[in-house]
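Colleague: Okay, handing you the structure first.
There are 4 protein chains.
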Amino acid sequence: MTLSTQPSDRALARRQQVLDAAAECFRRRGFHAASMAEIAKTAGMSPGHIYNLFENKDDIIAAIVERDCEEVLQRIAAFRQEGALLQQMLGGIEQAIDDRSQVADAALQLEVMAEASRNAKLAAVVHRTEALVNEQAQALIRQSLGEQAASQLPPEEIEGRALMLGALFNGLTAMSVRHAGMAQRVPAIAPVMRRMLQVLLAP
Amino acid sequence: MTLSTQPSDRALARRQQVLDAAAECFRRRGFHAASMAEIAKTAGMSPGHIYNLFENKDDIIAAIVERDCEEVLQRIAAFRQEGALLQQMLGGIEQAIDDRSQVADAALQLEVMAEASRNAKLAAVVHRTEALVNEQAQALIRQSLGEQAASQLPPEEIEGRALMLGALFNGLTAMSVRHAGMAQRVPAIAPVMRRMLQVLLAP
Amino acid sequence: MTLSTQPSDRALARRQQVLDAAAECFRRRGFHAASMAEIAKTAGMSPGHIYNLFENKDDIIAAIVERDCEEVLQRIAAFRQEGALLQQMLGGIEQAIDDRSQVADAALQLEVMAEASRNAKLAAVVHRTEALVNEQAQALIRQSLGEQAASQLPPEEIEGRALMLGALFNGLTAMSVRHAGMAQRVPAIAPVMRRMLQVLLAP
Amino acid sequence: MTLSTQPSDRALARRQQVLDAAAECFRRRGFHAASMAEIAKTAGMSPGHIYNLFENKDDIIAAIVERDCEEVLQRIAAFRQEGALLQQMLGGIEQAIDDRSQVADAALQLEVMAEASRNAKLAAVVHRTEALVNEQAQALIRQSLGEQAASQLPPEEIEGRALMLGALFNGLTAMSVRHAGMAQRVPAIAPVMRRMLQVLLAP
DNA sequence: GATGAATGAGCCTTCATTCAT
DNA sequence: AATGAATGAAGGCTCATTCAT
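Residue numbers (numbering that gives the first Met the number 0), protein chains in the order written: chain S, 0 to 202; chain L, 0 to 202; chain C, 0 to 202; chain U, 0 to 202.
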């Protein structure tokens, strides 16, 4: 049994090591094909020791998802602070699409979702993550509309826009795997994407 | 080695049996957790015999993807024959979103994409499939615009729209797994989705 | 998942092979120290195949206990058919004690009991086994007393005797491990044992 | 290597802590299933430090057996001092049987014996223990017979009785695990047990 | 075509033990 | 004296795949 006493600083650092290693291995081979032995080797520690830091393999992937979530939230927060959201977003679209097109990252994300649909514990993490992100997306939309105009719309409208915003980005992730050479299609996509964002972010 | 002389009618039927069984098992347990033994049992044949019909487990999933592709193409074709595409689509949105929200199907699709990113053979199938679907999507868009108006637009515009159409649907698939209780959010999503489709299908 | 369809004759024979091998390994190393790999090798088959025949390692030991039980019951049955039970028993005591003094067998028996106290499934088998043996012991005692005299005694008396008969034999098993050179003490024990059996089997 | 210079008082107390903890864990989970980590936690010290006090896990169990032995010897000694042994014993039978029926204790005892049959070091401890207990049992029997009458009997007779006395008690231990609900059968057993003790302790 | 017994590599996980501090 | 991080060997078990029949 792994105890759940306060993890020491050292343990925290070791956990990060494992998460980095695991993310790399998962990206390289997929969740199921990446062995604990490989992860351990990549992390520069023994397989046994990983189990002092994590409950089991599933626990590692859950921790990765949670860490990624925090990163996303921070990115959204930073983004919201800059103001002039729509302009910003329309301008940054190429970059955003590019980011979504890193196939290995995309694959890991897709796999996590697939896994979540059959693993209750992971599902909980994913849903919690998504709830946070969605909340931020709604705030972003409200901010972009102007709080005044936003308060005039029914909450369902905001919610629907946020969900579609999520679908749009997740859809790009999926397409980057589905569509051969997606990265080269960014110029074709960007203008269309721009118009779609306007539908979601403007009044 | 399995020879690939003319597959008999009987063999073709047996293959379908296996594909049906495998699809069911994959949906139930995921690709990696479904065992050949379980598939064989579900298909009502011996594990050994499956290897007379398919090269290996990967080969089965590739075949499933190909079969699904044909189905999708037929659905698009039927859809295009009905005319008044935009109206039709706007009307059928609730159903379409619902369809995308069958979590088990969604999970399998996501898993296939994840798998494809690391399995060249499967990637080839997925890419070929996507190419066909994208081609149909472009035709659909052109038809919806009216061939006249369509021919005025640069091909890149049509292509971008088709890709975003793909992203939209794949994004809904992903969201149905990511977002707890997505099925209940359809009323919130539908109107937003409607506007986005107009962006893609109308001039 | 192992299916529980009718086991074929072949499978039955293979099971016996495994049971023989496992009993040997367990006797040699103990239940926990005997590895499935070693059992497989001893049985002349692959580790994987054992799992087509048995659910898991625990299942093997349960099957061994059950097989041993049947053997004991047959021995008791044969014994009861000979008649003149007390005389027979008193005469065969040296042999019986000797049998109980095979240290390796004794150790396995003790370990099974210890294991049973923490493994519900094994406990069930052991208890069922013991119930059958106890029943035969009671019949043996009644037969030895003569059915007439037996029917005069309260059932509790018969039951108590049967339990003590069991304790006596199991106690010898334990002593054969506890007491260094127990096998050589048979001449010292036999006469005492004889008197104790008379207490249990005579009126 | 651990040196064995004069163990300090402190070390002795720490050893007792470990033995208490280990006995508890062994009773709860069995010798093999109890981990050093669990023992350390129960003892309120680090796993590493246990190895300053004991050679290894086997060493702990040996020490437990030795400590238990001393306890048993003290109990016998106290018992012998009371006089009127047979009466005392016959009176205390229910209690004695009850004591033997604590399944967890019984299981540990059985496991120790099983282990001893394959572990020379533990065997030595068990045999030494048994030798001491047997010696006391013989003294008890002689005392019960009256030293006069006892000296008339051949030493083998006394020895045989002592061994059977041991078998009887160990047999009850075994039965408490083998026989479901043994604790409730005490009333049925006690009178029979009484007669058997008379055979062993009376002339 | 078809079976299903059989293989064996490989996986996740546990745990006694060590050792730097 | 004491910690607890770290090791790494080994174990039970699964499963894609093969092959004799």
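The C-beta atom is built at its ideal place from N, Cα and C for all residues, glycine as well.
Using a Cβ cut-off of 7 Å (strictly closer), state whether U:Ala95 contacts chain C.
Modeller: Walking along the fourth sequence from the start, residue 95 of chain U turns up at place 96. Chain C, which has no Cβ nearer than 7 Å to the Cβ of U:Ala95, makes this no.
Colleague: Please check the pair C:Arg9 and C:Leu52, which I expect to be a contact at CB under 8 Å, by giving their CB distance rounded to whole angstroms.
Modeller: As a position in the third sequence, residue 9 of chain C is number 10, starting the count at 1. As a position in the third sequence, residue 52 of chain C is number 53, starting the count at 1. The pair is not a contact, with the Cβ atoms about 10 Å apart (cut-off 8 Å).
Colleague: Here's the rule: buried if 16 or more other CB atoms are within 10 angstroms of the residue's CB, otherwise exposed. What is C:Thr1?
Modeller: Walking along the third sequence from the start, residue 1 of chain C turns up at place 2. Its pLDDT being 44, under 50, C:Thr1 is placed unreliably by the model, and the measurement read from it follows with that caveat. Exposed, by the Cβ-count rule.
Colleague: Once you ignore the five residues that flank C:Gln108 on each side, which residues in its own chain have a CB closer than 6 Å to its CB?
Modeller: Walking along the third sequence from the start, residue 108 of chain C turns up at place 109. Excluding residues within five positions, the ones whose Cβ falls inside 6 Å are Thr172.
Colleague: What's the C-alpha gap between C:Pro186 and C:Glu93?
Modeller: In the third sequence, the residue the question calls residue 186 of chain C occupies position 187. In the third sequence, the residue the question calls residue 93 of chain C occupies position 94. If I take the Cα positions, the gap works out to 8 Å.
Colleague: Output, in chain order, the set of chain L residues within a Cβ distance shorter than 9 Å of S:Gly91.
Modeller: Reading the first sequence from its first residue, position 92 is the one you call residue 91 of chain S. Chain L residues near S:Gly91: none, gap ~17 Å exceeds 9 Å.
Colleague: According to DSSP, is L:Phe264 part of a helix, a strand, or is it coil?
Modeller: No statement about residue 264 of chain L is possible, as the shown extent of chain L runs from 0 to 202 and does not include it.
Colleague: Helix, strand or coil for C:Phe30? Go by DSSP, reduced to three states.
Modeller: Reading the third sequence from its first residue, position 31 is the one you call residue 30 of chain C. C:Phe30: coil per DSSP, three-state reduction.
Colleague: Quick one: is L:Arg74 buried, meaning 16 or more other Cβ sit within 10 Å of its Cβ, or exposed?
Modeller: The residue given as residue 74 of chain L occupies position 75 in the second sequence. The residue in question, L:Arg74, is exposed, as its Cβ has fewer than 16 Cβ neighbours within 10 Å.
Colleague: Taking its Cβ as the centre, do 16 or more other Cβ atoms sit within 10 Å of U:Met192, making it buried, or is it exposed?
Modeller: In the fourth sequence, residue 192 of chain U corresponds to position 193, counting from 1. Classification of U:Met192: buried, given that the 10 Å Cβ count is 16 or more.
Colleague: Between S:Ile38 and the rest of its own chain, which residues show a CB-CB distance below 6 Å, the 5 nearest in sequence each way excluded?
Modeller: Walking along the first sequence from the start, residue 38 of chain S turns up at place 39. The answer, listed in chain order, is Ala20, Ala21 and Cys24.
Colleague: Counting only runs of 4+ residues fully inside the region 97-124 of chain U, write out the alpha helix (DSSP H) ranges in chain order.
Modeller: Runs of the alpha helix (DSSP H) inside the region 97-124 of chain U: 102-115.
Colleague: With three or more C-beta pairs closer than 8 Å as the rule, is the region 25-37 of chain U touching the region 110-120 of chain C?
Modeller: Flag = yes, the region 110-120 of chain C and the region 25-37 of chain U touch.
Colleague: Would you mind stating whether U:Val176 and U:Ala95 have Cβ atoms separated by less than 7 Å?
Modeller: Along the fourth sequence, one-based indexing puts residue 176 of chain U at 177. Along the fourth sequence, one-based indexing puts residue 95 of chain U at 96. Contact flag unset, no.
Colleague: Buried or exposed, going by whether 16 or more other CB atoms sit within 10 Å of the CB of U:Ala83?
Modeller: Counting from one through the fourth sequence, the residue named residue 83 of chain U turns up at place 84. So U:Ala83 ends up on the exposed side.
Colleague: Note down, in chain order, all residues in the region 12-43 of chain U with a beta-carbon under 8 Å from any beta-carbon belonging to chain C.
Modeller: Per Cβ criterion, the list reads Arg28, Gly29, His31 and Ala32.
Colleague: Among residues of its own chain, excluding the 5 on either side of L:Arg160, which ones have a beta-carbon nearer than 6 Å to its beta-carbon?
Modeller: Locating residue 160 of chain L in the second sequence gives position 161, where the first residue counts as 1. For L:Arg160, where only same-chain residues beyond five positions count, the Cβ hits under 6 Å are Ile140 and Leu199.
Colleague: Who are the near neighbours of U:Ile157 in its chain, counting only those whose CB is closer than 8 Å to its CB and skipping five residues on each side?
Modeller: Along the fourth sequence, read from residue 1 onward, the residue named residue 157 of chain U stands at position 158. Excluding positions up to five away in sequence, the list reads Gln137, Ile140, Arg141 and Ala149.
Colleague: Could you tell me if C:His48 is buried or exposed, where buried requires 16 or more neighbouring beta carbons within 10 angstroms of its beta carbon?
Modeller: Translated into positions along the third sequence, residue 48 of chain C becomes position 49. So C:His48 counts as exposed.
Colleague: With three or more C-beta pairs closer than 8 Å as the rule, is the region 63-72 of chain S touching the region 116-135 of chain S?
Modeller: Result yes; three or more Cβ-Cβ pairs closer than 8 Å.
Colleague: Are the Cβ atoms of S:Gly90 and L:Gly170 separated by less than 7 Å?
Modeller: Within the first sequence, residue 90 of chain S is the residue found at index 91, counting from 1. Within the second sequence, residue 170 of chain L is the residue found at index 171, counting from 1. Not closer than 7 Å, so no.
Colleague: Tell me, please, whether the CB atom of C:Ser150 is closer than 7 Å to any CB atom in chain U?
Modeller: Along the third sequence, read from residue 1 onward, the residue named residue 150 of chain C stands at position 151. For C:Ser150, the answer is no, since every Cβ of chain U falls outside 7 Å of its Cβ.
Colleague: With distances taken from CA atoms, which of C:Pro6, C:Glu81, C:Val64 and C:Met195 is nearest C:Ala123?
Modeller: Numbered from its first residue, the third sequence carries residue 123 of chain C at position 124. When only C-alpha atoms are compared, the closest one is C:Val64.
Colleague: Does C:Glu70 come out as helix, strand or coil in the three-state DSSP assignment?
Modeller: Counting from 1 along the third sequence, the entry for residue 70 of chain C is found at position 71. If DSSP states are grouped into helix, strand and coil, C:Glu70 belongs with the helices.
Colleague: Can you tell me which of the three DSSP states L:Pro6 falls into?
Modeller: Taking the first residue of the second sequence as position 1, residue 6 of chain L is located at position 7. Three-state DSSP puts L:Pro6 in coil, outside helix and strand.
Colleague: With DSSP as the reference, label C:Pro186 as helix, strand or coil.
Modeller: Reading the third sequence from its first residue, position 187 is the one you call residue 186 of chain C. C:Pro186 falls in the helix class under three-state DSSP.
Colleague: Kindly indicate if chain L contains any beta-carbon less than 7 Å away from that of S:Glu69.
Modeller: If you number the first sequence from 1, residue 69 of chain S lands on position 70. Chain L contact via Cβ: absent.
Colleague: From S:Leu18 to S:Lys56, what distance separates their C-alpha atoms?
Modeller: As a position in the first sequence, residue 18 of chain S is number 19, starting the count at 1. As a position in the first sequence, residue 56 of chain S is number 57, starting the count at 1. About 11 Å.
Colleague: Please list, in chain order, the chain U residues whose beta carbon lies closer than 7 Å to that of C:Ala136.
Modeller: Your numbering for residue 136 of chain C matches position 137 in the third sequence. Simply none; closest approach about 11 Å.
Colleague: Candidates S:Gln151, S:Arg99 and S:Ala62: which alpha carbon is nearest S:His178's?
Modeller: Here residue 178 of chain S refers to the residue found at position 179 of the first sequence. Of the listed residues, the one whose Cα sits closest to S:His178 is S:Arg99.
Colleague: Could you give the residue range of the alpha helix (DSSP H) that holds L:Gly47?
Modeller: Start at 1 with the first residue of the second sequence, and residue 47 of chain L comes out as number 48. Counting along the chain, the alpha helix (DSSP H) containing L:Gly47 begins and ends at Pro46 to Leu52.
Colleague: Just the chain L side, please: which residues come within less than 9 Å of S:Gly159 by C-beta, in chain order?
Modeller: The count along the first sequence starts at 1 and reaches residue 159 of chain S at position 160. Under the 9 Å cutoff, chain L gives Arg184, Pro186, Ala187, Ile188, Ala189, Pro190, Val191 and Met192.
Colleague: Less than 7 Å between CB atoms is the rule here; does C:Asp104 satisfy it with respect to chain U?
Modeller: Within the third sequence, numbered from 1, the residue matching residue 104 of chain C stands at position 105. It does not; no Cβ of chain U falls within 7 Å.
Colleague: With 16 other CB atoms within 10 Å as the buried threshold, where does L:Gly180 fall?
Modeller: Locating residue 180 of chain L in the second sequence gives position 181, counting from the first residue. Under this definition L:Gly180 is an exposed residue.
Colleague: Buried or exposed, going by whether 16 or more other CB atoms sit within 10 Å of the CB of U:Ser7?
Modeller: Your numbering for residue 7 of chain U matches position 8 in the fourth sequence. Its Cβ having fewer than 16 others within 10 Å, U:Ser7 is exposed.
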